[in-house]
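Sequence lines, in order, name chains A and B. Residues in the first sequence are numbered consecutively from 1, following full-length UniProt numbering. Residues in the second sequence are numbered consecutively from 1, following full-length UniProt numbering.
Protein chains: 2
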Amino acid sequence: MPKFKLDETDHKILDLLIDNTRIPFTDIAKKLEISAGTIHVRVKKMEEAGIITGSSLQVDYKKLGYAFIAYVGVFIFKTSQTQFVLERISEIPFVTVAHVTTGKFNIFCKIRARDTAHAKDVIYQIDDIEGVSRTETMISMEESINDKKRLLHSIFKEI
Amino acid sequence: MPKFKLDETDHKILDLLIDNTRIPFTDIAKKLEISAGTIHVRVKKMEEAGIITGSSLQVDYKKLGYAFIAYVGVFIFKTSQTQFVLERISEIPFVTVAHVTTGKFNIFCKIRARDTAHAKDVIYQIDDIEGVSRTETMISMEESINDKKRLLHSIFKEI
DNA sequence: GGTGAAAGCACCGAGTT
DNA sequence: AACTCGGTGCTTTCACC
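This is the structure we're talking about:
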């Protein structure tokens, strides 16, 4: 893997864009005291290198009536069925992420739902998949940080 | 909580913006066959209503050398210490999310690291927090979907 | 790799229906 | 609510350093 080399200026650009993709390049240019054209070229390069893969809107799902978050650990009868089950789980609406994991569970996923009744429906769909022996649910009662900016800072301190 | 009412047009706008925040409003306008000014007004309203809370850049952390993802379940001696431990965990670099949960664990978090050695450092920092009795780590070996667009579609089908 | 200017667009508020 | 329109400001390219 040919690692793309980012310099201090790229770090600063990413830092400004990471939690506000709509900040004008002219504003970034003023802050970094370089020209807007340069910002444009550098961002484009980072996109081409695959460092920047896209942008996404942050939506408040609570406001849409979807305040419920849970993590579901999935046990599978035979590990050879893992891939099959992973694909089925990934197709279920309201499952937002799924991982094959080492440790307690074979598969581990996150769900977002309206309420407990709705979550139950989703979990039952997981339980119903062929090859799943049982599931274990952890309901999120409080979410703390979820800060991309901080992660990026930690990474930039190291590289 | 006064729920904000989104109509079909708002759905379509969010659908286009959710995975491309830099799409010009004029492009959205063309696709939906309404004026760009209207797109502008509607987006602003959704921002004011707190439905849209911001935007973020998607960065490929693998390309930056941070390919390791694990989930860590945390056991705490006394549940009264939960809040304290949650705050300490949230301060640790490379912990990306933390939840207070029901079920097996008291706290549940996600970490992003360079490799296993680096992850070990992070997990030891969690273990060292006063009040933590032990942790259980699940290493992600494969991540499947993580698709905001799909979640949004599922929600729009219901509301 | 950076600049600065110019052309082309997009944004966004005001006024209108 | 939605439209049009115009001033302002942003993006993007390019010749030049």
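Here a beta-carbon is modelled for each residue, glycine too, at the ideal position from N, C-alpha and C.
Indicate the three-state DSSP secondary structure (helix, strand or coil) for residue i in the structure shown.
{"i": "K104/B", "result": "coil"}
{"i": "D77/B", "result": "The sequence shown places Phe at residue 77/B, rather than the Asp named in the question. It is coil, neither helix nor strand."}
{"i": "T96/B", "result": "strand"}
{"i": "M1/B", "result": "Because the pLDDT at M1/B is just 49, under 50, the model does not fix this residue reliably, and the value given afterwards should be weighed accordingly. M1/B falls in the coil class under three-state DSSP."}
{"i": "I111/A", "result": "strand"}
{"i": "I89/A", "result": "helix"}
{"i": "A67/B", "result": "coil"}
Return the first residue and the last residue of the alpha helix (DSSP H) that residue i is part of.
{"i": "Q58/B", "result": "Element bounds for Q58/B: not the alpha helix (DSSP H) but the beta strand (DSSP E), 52 to 59."}
{"i": "G37/A", "result": "36 to 48"}
{"i": "A117/B", "result": "116 to 127"}
{"i": "I155/B", "result": "148 to 158"}
{"i": "D19/B", "result": "Careful: D19/B lies outside any alpha helix (DSSP H) and carries neither H nor E."}
{"i": "L32/B", "result": "25 to 32"}
Does the beta-carbon of residue i have 16 or more other beta-carbons within 10 angstroms, so that it is buried, or is it exposed?
{"i": "D7/B", "result": "exposed"}
{"i": "M138/A", "result": "buried"}
{"i": "F84/B", "result": "exposed"}
{"i": "Y61/A", "result": "buried"}
{"i": "V132/A", "result": "buried"}
{"i": "M46/B", "result": "buried"}
{"i": "L35/B", "result": "First, the amino acid is wrong: residue 35/B is Ser here, not Leu. Burial call: exposed."}
{"i": "I159/A", "result": "exposed"}
{"i": "R112/B", "result": "buried"}
{"i": "residue 160/B", "result": "With chain B running from 1 to 159 in the structure shown, residue 160/B is simply not present."}
{"i": "V41/A", "result": "exposed"}
{"i": "K157/B", "result": "exposed"}
Ends of the beta strand (DSSP E) at residue i?
{"i": "E136/A", "result": "132 to 143"}
Using C-beta distances below 8 Å, list every residue in its chain close to residue i, excluding the 5 sequence neighbours before and after it, in chain order.
{"i": "V43/A", "result": "I13, L17, F25, I52"}
{"i": "E143/A", "result": "I69"}
{"i": "L32/B", "result": "T9, K12, I13, I39"}
{"i": "K149/B", "result": "D15, I18, D19"}
{"i": "I145/B", "result": "none"}
{"i": "N106/A", "result": "V74, F75, I76, T79, T82, V85, V100"}
{"i": "I126/B", "result": "V72, V74, I89, I92, V95, C109, V132, T135"}
{"i": "G65/B", "result": "R114"}
For residue i, which residues in the same chain have their Cβ closer than 6 Å to its Cβ, ignoring the five residues on either side in sequence?
{"i": "T88/B", "result": "Residue identity check: residue 88/B is Arg in the sequence provided, not Thr. These residues qualify, in order along the chain: I129."}
{"i": "K110/A", "result": "Y71, T96, V97"}
{"i": "E136/B", "result": "G73"}
{"i": "L152/B", "result": "I18"}
{"i": "K63/A", "result": "none"}
Going along the chain, which residues of its own chain have a beta-carbon closer than 7 Å to the beta-carbon of residue i, five neighbours each way excluded?
{"i": "A49/A", "result": "F4"}
{"i": "K104/B", "result": "G73"}
{"i": "K30/B", "result": "none"}
- Query: Using 8 Å as the Cβ pair cut-off and three pairs as the minimum, do the region 95 to 109 of chain B and the region 69 to 76 of chain B touch?
  - Reply: Contact holds: three or more Cβ-Cβ distances are below 8 Å.
- Message: Could you check whether the region 79 to 97 of chain A touches the region 102 to 117 of chain B, counting it as contact only if at least three pairs of C-beta atoms, one from each stretch, sit closer than 8 Å?
- Response: Counting C-beta pairs with one atom in each stretch, the region 79 to 97 of chain A and the region 102 to 117 of chain B have fewer than three that are closer than 8 Å, which means they do not touch.
- Message: Under 8 Å: do the region 55 to 64 of chain B and the region 13 to 26 of chain A share three or more Cβ pairs, one atom per stretch?
- Response: Contact holds: three or more Cβ-Cβ distances are below 8 Å.
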